[in-house]
Amino acid sequence: MDNSMKFIEKLHEQLLAHSFSEIKGSNGEKISGIYIRMENPVLYILGVFDEQNQLKTGEILTSYTKQMAQEMEELRCTHLISLRILLAEAEAVADAPLFAEEQIHAVNWRYSLEEKKVFAAKGEPNRIFGIEKLLLAASKGELAQVPPMPAKNSKTPWVCIGISMLCILLLMETTLSGNGASTIRAFGISREGILSGQYYRFFTSMFLHSGVVHLVSNGVFLYYFGVKAEQLFGRGRFLGLYFISGFFSGMFSIVFHDVLAIGASGAIYGVLGAMLMLTKKYGPRYTGMNYATMLLLAVTSVGFGFLDMGVDNFAHIGGFIGGSLVFLCYNRLDRKKKQLST
Numbered sequence: 000m001d002n003s004m005k006f007i008e009k010l011h012e013q014l015l016a017h018s019f020s021e022i023k024g025s026n027g028e029k030i031s032g033i034y035i036r037m038e039n040p041v042l043y044i045l046g047v048f049d050e051q052n053q054l055k056t057g058e059i060l061t062s063y064t065k066q067m068a069q070e071m072e073e074l075r076c077t078h079l080i081s082l083r084i085l086l087a088e089a090e091a092v093a094d095a096p097l098f099a100e101e102q103i104h105a106v107n108w109r110y111s112l113e114e115k116k117v118f119a120a121k122g123e124p125n126r127i128f129g130i131e132k133l134l135l136a137a138s139k140g141e142l143a144q145v146p147p148m149p150a151k152n153s154k155t156p157w158v159c160i161g162i163s164m165l166c167i168l169l170l171m172e173t174t175l176s177g178n179g180a181s182t183i184r185a186f187g188i189s190r191e192g193i194l195s196g197q198y199y200r201f202f203t204s205m206f207l208h209s210g211v212v213h214l215v216s217n218g219v220f221l222y223y224f225g226v227k228a229e230q231l232f233g234r235g236r237f238l239g240l241y242f243i244s245g246f247f248s249g250m251f252s253i254v255f256h257d258v259l260a261i262g263a264s265g266a267i268y269g270v271l272g273a274m275l276m277l278t279k280k281y282g283p284r285y286t287g288m289n290y291a292t293m294l295l296l297a298v299t300s301v302g303f304g305f306l307d308m309g310v311d312n313f314a315h316i317g318g319f320i321g322g323s324l325v326f327l328c329y330n331r332l333d334r335k336k337k338q339l340s341t
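Going by numbering that gives the first Met the number 0, the final residue of the sequence shown carries number 341, and the count climbs one at a time with no gaps.
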């Protein structure tokens, strides 16, 4: 088998592992060499071919791009990127075909297996959605990082349920007893309290809320992101993710803000950070979430948080960073386990 065939097989594995799909013909058969991935609001279509089949595959790619352009409104996409990847050592890169529709962005790449490098046509990007990294991984013969299987014991999100019930019970107790203010002073996160050795505040502050609205808003986010995260990471890892994110949240709060703060939002931002990175790595088919939407939510939430004096925004930032770091640690552990098993 020549180098180009081996490369195409490896690239096929890499693309499938990152939520790309082979397109299907009118009779349902898969068309080799052309892949699609929808990441609202962008639709990605790419064709991979060598010099022998570039004409045939290029025509199919052009035709399919035009077809999908007519369905973009239904798919809720506003832009379509049609990427041609030609495996060749020749220096010249042909111009991509022109499309009448303004929302279609046609890009032409030449990929050199010898140099392991992308060459883009003049004025076109040589990096698109991490596809250049998949090309490099395939040229090195690396195994595709297949998404980990969700933990079998995590169908019912008992950790999320437990966290929610504890928050509800504590809010009921503090509200009915009338001791809400004193409880927050005693168990909320504060620089003075931590420096005096009351480290339990890192833990207790995550479960206290100032009222029903505060609790419900955090509960909605915990349900939307936490339930899915618990199913994908497993209960043990999700619990670690939640508490480490909450700890980072508390650390950022006392270092950068120095206010008495409570709430689960810092830990939940950590869950959002981990799910955002998981979605970026393996795609929306794995997490059931849209990367662009999640990123927009994170950026706007943090941005608007600086406009609200009643929000401890540094706690949110700390939680988000903590959750992202935890994901990187989990991912590294998984890679080491996979290497040891092989």
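In this text, a Cβ means the ideal position worked out from N, Cα and C, and glycines have one as well. Here the structure is a predicted model, which is why all the values come from computation and not from measurement.
Review point. Going by C-alpha distance, which of Leu194, Leu86 and Ala263 is nearest Phe224?
Key: Residue 224 sits at position 225 when you count from the first residue of the sequence shown. Here the closest residue by C-alpha is Ala263.
Practice item. Could you tell me the distance, in whole angstroms, from the CA atom of Glu12 to the CA atom of Phe206? Key: Counting from one through the sequence shown, the residue named residue 12 turns up at place 13. Counting from one through the sequence shown, the residue named residue 206 turns up at place 207. Computed Cα separation, rounded: 43 Å.
Check your understanding: So, do the segment 297-308 and the segment 225-244 have three or more beta carbon pairs nearer to each other than 8 Å?
Key -> no
Practice item. Please state if the CB of Ala273 and the CB of Gly318 are separated by a distance shorter than 7 Å. Key: For this step, residue 318 is matched to residue 319 along the sequence shown. For this step, residue 273 is matched to residue 274 along the sequence shown. No; because the gap between Cβ atoms is not below 7 Å, this pair is not in contact.
Exercise for review: Using the Cα positions of Tyr241 and Leu14, report the straight-line distance between them to the nearest angstrom.
Suggested key: Looking up residue 241 in the sequence shown gives position 242. Looking up residue 14 in the sequence shown gives position 15. Roughly 31 Å separates the two Cα atoms.
Check your understanding: Taking Cβ to Cβ, would you say Asp49 is nearer than 7 Å to Ser81?
Key -> What you label residue 49 is simply residue 50 of the sequence shown in a count that begins at 1. What you label residue 81 is simply residue 82 of the sequence shown in a count that begins at 1. No.
Check your understanding: Taking DSSP as the reference, what is the three-state secondary structure of Met0?
Key -> Locating residue 0 in the sequence shown gives position 1, where the first residue counts as 1. Because the pLDDT of Met0 is 44, which lies under 50, any placement of that residue in the model is unreliable, and the question is left without a value.
Check your understanding: Does the count of Cβ pairs from the segment 242-261 and the segment 304-316 closer than 8 Å reach three?
Key -> yes
Check your understanding: Based on Cα-Cα distance, which residue from Pro283, Gln51, Glu21 and Glu38 lies nearest to Leu45?
Key -> Taking the first residue of the sequence shown as 1, we reach residue 45 at position 46. When each option's Cα is compared against that of Leu45, the closest is Glu21.
Review point. Who are the near neighbours of Leu289 in its chain, counting only those whose CB is closer than 6 Å to its CB and skipping five residues on each side?
Key: Start at 1 with the first residue of the sequence shown, and residue 289 comes out as number 290. Reading off the sequence shown, one finds Asn at residue 289, where the question assumed Leu. Around Asn289: Asn39 and Pro283.
Practice item. Locate the beta strand (DSSP E) running through Asn289, then write down its first and last residues. Key: Here residue 289 corresponds to residue number 290 of the sequence shown, with the count starting at 1. Unbroken run through Asn289: none, as it is neither H nor E.
Check your understanding: Which residues does DSSP pair with Lys29 in a beta bridge?
Key -> Residue numbering aside, residue 29 sits at position 30 when the sequence shown is read from its first letter. The partner list for Lys29 (beta bridge, DSSP) reads Lys23.
**Study point:** Same chain, Cβ closer than 7 Å to Gln144, neighbours up to 5 away in sequence not counted
**Key:** Position 145 of the sequence shown, counting from 1, holds the residue named residue 144. Result list for Gln144: Ala16, in chain order.
Point to revise | N-terminal and C-terminal residue of the beta strand (DSSP E) that Ala260 is part of | key: The count along the sequence shown starts at 1 and reaches residue 260 at position 261. Element bounds for Ala260: n/a, residue is neither H nor E.
Check your understanding: Less than 7 Å separating the beta-carbons of Glu101 and Ala68?
Key -> Locating residue 101 in the sequence shown gives position 102, counting from the first residue. Locating residue 68 in the sequence shown gives position 69, counting from the first residue. Not in contact: Glu101 and Ala68 (Cβ atoms no closer than 7 Å).
Check your understanding: So what does Val47 bridge to, in DSSP terms?
Key -> To locate residue 47, count along the sequence shown from 1; it is residue 48. Paired residue(s): Ile84.
Exercise for review: Compute the distance between the beta-carbons of Leu170 and His208, then report whether it is under 7 Å.
Suggested key: One-based indexing of the sequence shown puts residue 170 at position 171. One-based indexing of the sequence shown puts residue 208 at position 209. Cβ atoms of Leu170 and His208: closer than 7 Å.
Check your understanding: Quick one, are the C-beta atoms of Ile188 and Ser163 less than 7 Å apart?
Key -> Along the sequence shown, one-based indexing puts residue 188 at 189. Along the sequence shown, one-based indexing puts residue 163 at 164. Against a cut-off of 7 Å, the Cβ pair of Ser163 and Ile188 comes out as no contact.
Review point. Are the segment 102-112 and the segment 122-129 in contact at 8 Å, needing three or more beta carbon pairs?
Key: yes
Review point. Hey, quick one: how far does the beta strand (DSSP E) through Asn107 stretch, first residue to last?
Key: Position 108 of the sequence shown, counted from the first residue, corresponds to residue 107. Note, Asn107: beta strand (DSSP E), Ile103 to Ser111.
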